[in-house]
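Chemist: In full-length UniProt numbering, the protein residues as written are 1 to 218.
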Amino acid sequence: MEGLTTIQKIAVLFLPVLFAITVHEAAHGWMAKKLGDQTASLLGRVTLNPLRHIDLVGTILVPLGMFALTGFLFGWAKPVPVDGRNLHHPRRDMALVAVAGPGANLIMAIFWAGMIHLGVILGDSYAWFALPMIYMGYAGILINAFLMVLNLIPILPLDGGRVVASLLPPRLAMQYARLEPWGLIIVMALLFSGLLGSVVQPGVGLVQNFSTWIVGLH
Numbered sequence: 001m002e003g004l005t006t007i008q009k010i011a012v013l014f015l016p017v018l019f020a021i022t023v024h025e026a027a028h029g030w031m032a033k034k035l036g037d038q039t040a041s042l043l044g045r046v047t048l049n050p051l052r053h054i055d056l057v058g059t060i061l062v063p064l065g066m067f068a069l070t071g072f073l074f075g076w077a078k079p080v081p082v083d084g085r086n087l088h089h090p091r092r093d094m095a096l097v098a099v100a101g102p103g104a105n106l107i108m109a110i111f112w113a114g115m116i117h118l119g120v121i122l123g124d125s126y127a128w129f130a131l132p133m134i135y136m137g138y139a140g141i142l143i144n145a146f147l148m149v150l151n152l153i154p155i156l157p158l159d160g161g162r163v164v165a166s167l168l169p170p171r172l173a174m175q176y177a178r179l180e181p182w183g184l185i186i187v188m189a190l191l192f193s194g195l196l197g198s199v200v201q202p203g204v205g206l207v208q209n210f211s212t213w214i215v216g217l218h
């Protein structure tokens with residue numbers, strides 16, 4: 001990030017992270033509302049206001065600590081409440097609600113790729129504006145690609161785990177749900193063992209390439 005001021009460097013990372021988390025959680029609430037559950041909407045969670053989604057520990061303290069200790073950015077927002085009993089087709093719709101979050105991250109990755117494209121067009125004539133835009137675009141693609149792929153891992157409480165639970169027969173789904181209290185421990189174990197990077201890296205690369213390709217950067 002050569003040529004950027006300290007404030008610009010902070011903005012390059014902070015804004016994409018904030019938008020990625022906000023849009024991801026709002027998408028869950030929006031999809032649940034469309035499918036019949038108003039819980040998130042009544043609690044004010046179907047919004048792009050990041051303050052409604054930020055968790056002090058998961059969104060601020062843990063990411064800062066993890067980045068300082070490992071150079072790896074990891075955290076979470078306040079989960080959006082969904083009452084499956086209110087959904088039109090509970091099992092199918094829970095999967096759709098779960099997929100909405102990663103789907104929103106894919107859309108955001110494409111949006112940030114568009115920002116890179118715009119920054120390239122602006123070029124040297126507006127370098128003071130274009131350079132931070134390009135850096136922020138690359139950061140935005142990476143962050144959203146990572147969140148998308150990470151959340152699709154089939155471990156509860158991640159979104160991929162929700163999808164698996166909705167597809168399993170009821171009895172197996174109940175047994176699978178019993179693993180949820182251990183889910184974050186499993187993810188953290190994968191992180192500290194170095195296996196998490198190996199698991200998500202191919203998917204992250206695929207999303208990055210797709211996002212830049214779709215806006216014509218290849």
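Glycine included, C-beta positions come from ideal geometry on N, C-alpha and C.
1) For Pro169, which of helix, strand or coil comes out of DSSP?
2) Restricting to Cα atoms, I'd like to know which of Thr47, Leu42, Ala77 and Leu69 is closest to Thr59.
3) Just checking my contact of Val97 with Met31 at CB under 8 Å: how many whole Å lie between their CB atoms?
4) Could you tell me the distance, in whole angstroms, from the CA atom of Gly160 to the CA atom of Ile153?
5) Can you name, in chain order, every residue of its own chain whose Cβ lies under 7 Å from the Cβ of His218, other than the five neighbours on each side?
6) With the cut-off set at 8 Å, would you say Lys33 and Ser41 are in Cβ contact?
7) Is the Cβ-Cβ distance between Gly101 and His24 less than 8 Å?
8) Using 8 Å as the cut-off, can you tell me whether the stretch 174-188 makes contact with the stretch 80-89, which would need three or more C-beta pairs spanning the two stretches below that distance?
9) Taking 8 Å as the cut-off, does the stretch 192-202 touch the stretch 169-183 (at least 3 CB pairs, one atom from each stretch)?
10) Express the C-alpha separation of Ser125 and Leu150 in angstroms, rounding to a whole number.
11) Should Val57 be labelled buried (16 or more other beta-carbon atoms within 10 Å of its own) or exposed?
12) What are the boundary residues of the alpha helix (DSSP H) that Thr39 is part of?
13) Is His117 near Val215, with beta carbons less than 8 Å apart?
14) So what's Lys78 in DSSP terms, helix, strand or just coil?
15) Rounding to the nearest angstrom, what Cα-Cα distance links Leu167 and Met115 in this structure?
Modeler: To lay it out plainly:
1) coil
2) Ala77
3) 5 Å
4) 5 Å
5) Once the five neighbours on either side are set aside, the close Cβ partners of His218 are Thr212.
6) yes
7) yes
8) no
9) no
10) 38 Å
11) exposed
12) Thr39 to Leu42
13) yes
14) DSSP places Lys78 outside both helix and strand once states are collapsed to three, so it counts as coil.
15) 37 Å
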